[in-house]
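Colleague: In our numbering, the protein residues as written are 608 to 936.
Backbone N, C-alpha and C fix where the C-beta goes; we use that ideal spot for every residue, glycine too.
1) What are the boundary residues of the beta strand (DSSP E) that residue 797 is part of?
2) Can you name the start and end residues of the beta strand (DSSP E) that residue 884 belongs to?
3) Mind checking whether residue 761 and residue 915 have CB atoms under 8 Å apart?
4) Three-state secondary structure (DSSP) at residue 648?
5) Judging by CA-CA distance, which residue of 820, 822, 826 is the nearest neighbour of residue 809?
6) Do the region 893-901 and the region 731-743 make contact, defined as three or more Cβ pairs closer than 8 Å?
7) For the beta strand (DSSP E) containing residue 837, list its first residue and its last residue.
8) Return the Cβ separation of residue 675 and residue 790 in integer angstroms, given the expectation that the two are a contact with Cβ distance under 8 Å.
9) Which same chain residues, not among the five before or five after residue 865, have their C-beta less than 7 Å away from its C-beta?
10) Enumerate, from N- to C-terminal direction, the unbroken beta strand (DSSP E) stretches of 3 or more residues contained entirely within the region 741-787.
11) Return the bridge partner residues of residue 926 from the DSSP annotation.
12) So is residue 876 buried or exposed if we call it buried at 16+ other beta carbons inside 10 Å?
13) Rounded to whole angstroms, how far is the Cβ of residue 764 from the Cβ of residue 911, which I believe are closer than 8 Å?
14) Within the continuous alpha helix (DSSP H) that includes residue 707, where are the two ends?
15) Answer with buried or exposed for residue 932, where buried requires no fewer than 16 other C-beta atoms within 10 angstroms of its C-beta.
16) Please name the residue in 657, 776, 918 whose C-alpha comes closest to that of residue 681.
17) So, is residue 776 buried or exposed, given that buried needs 16 or more other C-beta atoms within 10 angstroms?
18) Using 10 angstroms around the beta-carbon of residue 694, count the other beta-carbons present and answer buried if the total reaches 16, otherwise exposed.
19) Note down the Cα distance separating residue 612 from residue 645, rounded to an integer number of angstroms.
20) Measure the alpha-carbon distance for residue 918 versus residue 889 and round it to whole angstroms.
21) What does residue 849 pair with, by DSSP beta-bridge criteria?
22) With three or more beta-carbon pairs closer than 8 Å as the criterion, would you say the region 826-843 touches the region 855-863?
23) Look up residue 700 in the DSSP assignment and say whether it is helix, strand or coil.
24) Residue 853 to residue 872, Cα distance in whole Å?
25) In whole angstroms, give me the CA-to-CA distance for residue 757 and residue 905.
26) Buried or exposed: which applies to residue 835, given that a residue is buried once 16 or more other Cβ atoms fall within 10 Å of its Cβ?
27) Rounded to whole angstroms, what's the CA-CA distance from residue 804 to residue 868? Just pull it up for me.
28) Looking at the unbroken alpha helix (DSSP H) that takes in residue 733, where does it start and where does it end?
29) Determine, using beta carbons only, whether residue 786 and residue 847 come nearer to each other than 8 Å.
30) On a Cα-Cα basis, can you pick out the residue from 648, 639, 638 that is closest to residue 926?
31) Quick test of your reading: residue 878 and residue 806, contact by CB under 8 Å. State the CB separation rounded to the nearest angstrom.
32) Note down, in chain order, each residue of its chain lying with its Cβ closer than 8 Å to the Cβ of residue 823, except the 5 sequence neighbours on either side.
As structure tokens, this is what we get:
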């Protein structure tokens, strides 16, 4: 994004908004002005750079159809996003916002979290990921500037009343209900590795030992297949909804200390013991009050942010010269 004097820019646009080069007797567009935003411009190379960054970011986070959907949505919004970000940076300049200390602290925290002692070590670590330190630092600075513009203009306008917090708590009990949780031990017989004719006899032998008073964990260590053999049947703790339905249905009928019947699943058989159960409970208002206040604050801040940006656009000179720059790159 290149700063220009508006008068010179307008004069230039009246004459020509494209730059050309000759290549094999054909005209090829190598640069163009995509949009004018107050005293700045967004060029085609600016747009392509941001597009390529977006593409690489999405590629690292999504695959297949999910990637296609995210890319289609965000690439169409990219020019508008760039205009919004440029307006916020312009506003930051007008307000004289200084984020140098924030950037410095953020860099120090990143170095500490990654066990790096010097900026040079951080430079090398970023370079290994194909990231240039100065570009990365500039992006961080721009992000802090944009955040500070919005927060300084709208945070003081946001008020969260106690009545709102209480109302939200009463209307959304599911958000604050801890699900039932149970701790289990298991004996597993692998139906794929054990001969089918042997499994029934082993199942009866295991039940007989347990009924005679043998410790469940010791029996698991002797008979179980898979990891349950080494850890004496420890299956761990599960919240309601996390277990395979066949197993969970049986567990819900057990009391602590009780053992299920043999349960057939796709790849074998399970015998479960319920070690302990933690009943579902609604967390108290005092436990979640701060979290609700924070959530309501963020909701209001998002609305106020959109209002602020919309008003900023109304007060600004914005001229889009290439409405669909994706076709140009």
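Modeller: Taking the coordinates as given:
1) 788-797
2) 875-885
3) yes
4) strand
5) 826
6) no
7) Careful: residue 837 lies outside any beta strand (DSSP E), inside the alpha helix (DSSP H) at 834-837.
8) The Cβ separation is near 42 Å, so there is no contact.
9) 881
10) none
11) 643
12) buried
13) 6 Å
14) 707-720
15) buried
16) 657
17) buried
18) buried
19) Below a pLDDT of 50, predicted positions are generally treated as unreliable, and residue 612, at 34, falls in that range; no measurement from the model is reported.
20) 42 Å
21) None, per the DSSP bridge assignment.
22) no
23) helix
24) 7 Å
25) 12 Å
26) buried
27) 19 Å
28) 726-735
29) yes
30) 648
31) Contact flag wrong, Cβ pair sits at about 12 Å.
32) 792, 794, 817, 840, 866, 880
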